[in-house]
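> Sharing a structure with you now.
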Amino acid sequence: MAFRFHCKTELLAVDPQSPDPAVMRRAGEVLKRGGLVAFPTETVYGLGASALDQGAVRRIFQAKGRPADNPLIIHIAAAEELEWLADDSGGRGRLLAQAFWPGPLTLVLPGRGRVTTAATAGLDSVAVRLPAHPVARALIRAAGVPVAAPSANLSGRPSPTTAAHVWQDLAGRVEMILDAGPAGQGVESTVLDLTVSPPLILRPGGVTREELQRVLGRVDVDPAVLAVQKETDIEQPRSPGMKYRHYAPRAPLYLFEGEAVALRRALRERLATELAAGRRVGVLCREGNQACYEGAVVVPLGRQDRPEQVAAGLYAALRYLDEQAVEIILAEGVPAVGMGLAVANRLRRAAGGNVLEVKN
Ligand code: AMP
Ligand code: MG
2 MAFRFHCKTE
12 LLAVDPQSPD
22 PAVMRRAGEV
32 LKRGGLVAFP
42 TETVYGLGAS
52 ALDQGAVRRI
62 FQAKGRPADN
72 PLIIHIAAAE
82 ELEWLADDSG
92 GRGRLLAQAF
102 WPGPLTLVLP
112 GRGRVTTAAT
122 AGLDSVAVRL
132 PAHPVARALI
142 RAAGVPVAAP
152 SANLSGRPSP
162 TTAAHVWQDL
172 AGRVEMILDA
182 GPAGQGVEST
192 VLDLTVSPPL
202 ILRPGGVTRE
212 ELQRVLGRVD
222 VDPAVLAVQK
232 ETDIEQPRSP
242 GMKYRHYAPR
252 APLYLFEGEA
262 VALRRALRER
272 LATELAAGRR
282 VGVLCREGNQ
292 ACYEGAVVVP
302 LGRQDRPEQV
312 AAGLYAALRY
322 LDEQAVEIIL
332 AEGVPAVGMG
342 LAVANRLRRA
352 AGGNVLEVKN
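Below is the structure:
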C-alpha cells in the first residue's frame, strides 16, 4: 500500500473487554494489507503495523515524524512467540514472561532477524511485549503477524491515553483508530534489557524495579532514566529513544523536586513571579494542593503516595495544559520509588534540563 499522507481515518468504537470479532477482523485485514491501526493497550494507545512489512513499518515513522534510529516494540499474542523472535537461551525471558505477561513489560533480547530492519532500526536486539488489553490481543491475533507499535502520538508529544488524543495527532495519517475508552496505566511499558548482566531497566514503567528484582535478583536502572540533562547531552544511550525530548507539552515545563513543604513554597514563589509578569501558568500538583496555586490553571494528579494515580492522568494533563494555552508549566515532583520511578522519569524528560532541586 503506497503511503498517502491524507488517507481516510476510520474511528471505530469497540468494547474494551469483548471487542466485536467482525470489527477486529477488519482491523486485522488493514494490518495485513500494510495499513496502520491505532489501538488501546493497558499502558497507552499504540500505532500498529505488521512487523514483517518494511513499507508498513516505515509508514509508522512517517506518520509520527519519528526518527528512524528509534526502534519499535514488537507486540505478540502468545508468550511462545518470544522464542521465534528472540534468542532467550538464558531463560530469563521465559521466567519474566511467566511472572509478568501479559502486561506492561518489554523484553530486549538478541534478535533472530525475523522482523523488518525498519522496526529494529538495524539493531541486533529486538524489543518484545505481550500486552494484556483484550483489544490489543484480539488485533494481533486477527493480523496473524507480530505487530510493531510505538505510542500513537506525533513524535515528541505526550503519549495518547485516549482515542481522542490519537485523533488529534494522527487523523488523516492512519487508516483506523480503535476507541475502547481510556488506556489503563497511562505510562508506557517498562523496557528491560536482557542482553546485559545484571538486567538493565532502559525505561521504567508499569512493572516496577522492585517487582523485577523479586524474580531476577539484581536489576539495575540505566543512569539516563533519571539524568537531568538535555537529551542532546546524552551521547550514546542504550535505548535510542532516550535521546529525544519526550512526553513534552508545548510550553516549557519546570519540575520542582524535594521535600514537600519546601517544594510547595518554591513553586508558589515562582508562580507569583510568573503571574506578575503577566504569564498564563499551568501547575501540576498532588491532590489536595490545588488551593496553594491560585491564579494558575491547576491540574491535580492524584495522591502523592499513589504514583499510579499520577501516572494515569499525567499525559492527559499535559495535553489539557496545551489546550489551555499556558505559557509555562510548573510541576511538583514525585518520589522516584515503585511506580514513582516511571512518573519521575516522564516528568524529567518533559522538563528537559529544567529540574529544580529544592533544598529545605
Ligand atoms: P515507544 O514505542 O515510543 O513506546 O518506544 C519504545 C522504546 O523502546 C524506545 O525508548 C526504544 O528506544 C526502546 N527500544 C525498542 N527496541 C529496542 C532495542 N532493541 N534496544 C533498546 N531499546 C529499544
Ligand atoms: Mg513513544
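Basically this note's numbering = 1-based index in the sequence shown + 1. By construction, the Cβ of each residue, glycine as well, lies at the ideal position given by its N, Cα and C atoms. Note that the structure is a prediction, hence the values are computed from the model and not measured.
(1) Which stretch, first to last residue, makes up the alpha helix (DSSP H) that contains Leu322?
(2) Just to confirm the assignment, what range does the beta strand (DSSP E) spanning Ala98 have?
(3) By DSSP, does Tyr46 sit in helix, in strand, or in coil?
(4) Just the C-alpha distance for Val262 and Leu272, rounded to the nearest angstrom, thanks.
(5) State buried or exposed for Thr162, treating a residue as buried only when at least 16 other CB atoms are found within 10 Å of its CB.
(6) Which class does Phe4 belong to by DSSP, given the choice of helix, strand or coil?
(7) What are the boundary residues of the alpha helix (DSSP H) that Leu211 is part of?
(8) Quick one: Cα of His166 to Cα of Asp323, how far?
(9) Does the region 41-48 come into contact with the region 195-205, if we say contact requires no fewer than three beta-carbon pairs (one atom in each stretch) closer than 8 Å?
(10) Select from Ala317, Ala80, Gly353 and Arg204 the residue whose C-alpha is nearest the C-alpha of Trp102.
(11) Helix, strand or coil, according to DSSP, for His81 in the structure here?
(12) At 3 residues or longer, what runs of the beta strand (DSSP E) sit wholly inside the region 117-196?
(13) Between the C-alpha atoms of Arg34 and Ala318, what's the straight-line distance to the nearest angstrom?
(14) Taking the straight line between their C-alpha atoms, what separation do you get for Ala14 and Ile178?
(15) Could you compute how far the alpha carbon of Arg27 sits from the alpha carbon of Ala252?
(16) Just tell me which of Val148, Lys9 and Ser126 has its CA closest to the CA of Ile61.
(17) Mind checking which residues open and close the beta strand (DSSP E) that includes Ala332?
(18) Using a C-beta cutoff of 8 Å, does Ala137 count as contacting chain B?
(19) Quick one: complete alpha helix (DSSP H) runs, 4+ long, within the region 254-278?
(20) Using three-state DSSP, classify Ile235 as helix, strand or coil.
(21) Tell me whether Val127 is buried or exposed, calling it buried when 16 or more other Cβ atoms sit within 10 Å of its Cβ.
(22) In the structure shown, what three-state DSSP assignment does Leu29 receive?
(23) Which whole-angstrom value is the C-beta distance of Tyr255 and Asn355, which I expect to be below 8 Å?
In brief:
(1) Translated into positions along the sequence shown, residue 322 becomes position 321. Run containing Leu322: Pro308 to Glu324, per the alpha helix (DSSP H) assignment.
(2) Against the sequence shown, residue 98 aligns to sequence position 97. From DSSP, Ala98 is part of no beta strand (DSSP E) but of the alpha helix (DSSP H) over Arg93 to Phe101.
(3) Taking the sequence shown and counting its residues from 1, the one referred to as residue 46 is at position 45. The answer is coil: DSSP assigns Tyr46 none of H, G, I, E or B.
(4) Start at 1 with the first residue of the sequence shown, and residue 262 comes out as number 261. Start at 1 with the first residue of the sequence shown, and residue 272 comes out as number 271. The alpha-carbon atoms of Val262 and Leu272 are separated by roughly 15 Å.
(5) Reading the sequence shown from its first residue, position 161 is the one you call residue 162. Thr162 should be labelled buried.
(6) If you number the sequence shown from 1, residue 4 lands on position 3. In this predicted model, Phe4 has a pLDDT of only 49, less than 50, meaning its place in the structure is not dependable enough to derive any value.
(7) Here residue 211 refers to the residue found at position 210 when the sequence shown is read from its first residue. Looking at the sequence provided, one finds Glu at residue 211 rather than Leu. Arg210 to Leu217 is the span of the alpha helix (DSSP H), which, as asked, contains Glu211.
(8) Looking up residue 166 in the sequence shown gives position 165. Looking up residue 323 in the sequence shown gives position 322. Computed Cα separation, rounded: 12 Å.
(9) no
(10) Along the sequence shown, one-based indexing puts residue 102 at 101. Checking every option, the nearest Cα to that of Trp102 belongs to Ala80.
(11) Translated into the one-based positions of the sequence shown, residue 81 becomes position 80. The sequence given here has Glu at residue 81, not His. Three-state result, Glu81: coil.
(12) 126-130, 177-180 and 191-194
(13) Counting from one through the sequence shown, the residue named residue 34 turns up at place 33. Counting from one through the sequence shown, the residue named residue 318 turns up at place 317. Approximately 36 Å, taken between the alpha carbons.
(14) Working through the sequence shown from its first residue, we reach residue 14 at position 13. Working through the sequence shown from its first residue, we reach residue 178 at position 177. Computed Cα separation, rounded: 9 Å.
(15) To locate residue 27, count along the sequence shown from 1; it is residue 26. To locate residue 252, count along the sequence shown from 1; it is residue 251. If I take the Cα positions, the gap works out to 39 Å.
(16) Counting from 1 along the sequence shown, the entry for residue 61 is found at position 60. Ile61 has its Cα closest to that of Val148, out of Val148, Lys9 and Ser126.
(17) Counting from one through the sequence shown, the residue named residue 332 turns up at place 331. Looking at the DSSP string, the run of the beta strand (DSSP E) that includes Ala332 is Ile329 to Glu333.
(18) Judged by its chain identifiers, the structure shown contains no chain B, having just a single protein chain.
(19) 261-277
(20) The sequence position of residue 235 within the sequence shown is 234, counting from 1. In this predicted model, Ile235 has a pLDDT of only 47, less than 50, meaning its place in the structure is not dependable enough to derive any value.
(21) To locate residue 127, count along the sequence shown from 1; it is residue 126. Buried is the call here.
(22) Along the sequence shown, one-based indexing puts residue 29 at 28. Correcting the residue type first, residue 29 is Gly in the shown sequence and not Leu. In the structure shown, Gly29 sits in a helix (DSSP, three-state: H, G or I).
(23) By 1-based counting over the sequence shown, the position of residue 255 is 254. By 1-based counting over the sequence shown, the position of residue 355 is 354. Going by Cβ atoms, the distance from Tyr255 to Asn355 rounds to 5 Å, so yes, they are a contact pair.
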